[in-house]
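One structure below.
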Amino acid sequence: MLADKRTTLARTRTITLIIAATVWLTLSAGAMISAAEGSASLATYMRFAVSMISIAGDESGAPGVRTQ
């Protein structure tokens with residue numbers, strides 16, 4: 021039972037990191053385009069992307085889930 025829970029948490033963490041990396045790449049591309057156009061700050065997009073990655077890489081594996 022405990023092994024199943026750990027497997028599920030690891031799978032959830034992996035999926036979350038993949039989604040976060042995809043969003044980060046999208047935001048990075050958008051930030052570069054926007055910065056080139058002068059309509060947005062690269063730092064603003066990068067701060068948001070870094071915060072998403074740090075949330076996704078949390079030790080708990082998923083938001084609101086605690087491990088003992």
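In this note's numbering, the protein residues as written are 21 to 88. Beta carbons are placed, not taken as given, at the ideal position from N, Cα and C, and that holds for glycine. These numbers come from a predicted model, not from an experiment.
Any chain B beta carbon closer than 8 angstroms to residue i
i: residue 56; result: Here there is only one protein chain, and chain B is not present.
Between the CA atoms of residue j and residue i - distance to the nearest angstrom
i: residue 44; j: residue 34; result: 15 angstroms
i: residue 56; j: residue 36; result: 30 angstroms
i: residue 24; j: residue 41; result: 26 angstroms
i: residue 38; j: residue 50; result: 18 angstroms
i: residue 53; j: residue 66; result: 13 angstroms
i: residue 70; j: residue 64; result: 10 angstroms
Reduced DSSP secondary structure (H/G/I, E/B, other) of residue i
i: residue 86; result: Confidence is the limiting factor: at residue 86 the pLDDT is only 49, short of 50, which leaves the residue's position unreliable and the question unanswerable from this model.
Of the listed residues the options, nearest to residue i (C-alpha basis)
i: residue 48; options: 27, 30, 68 and 29; result: 68
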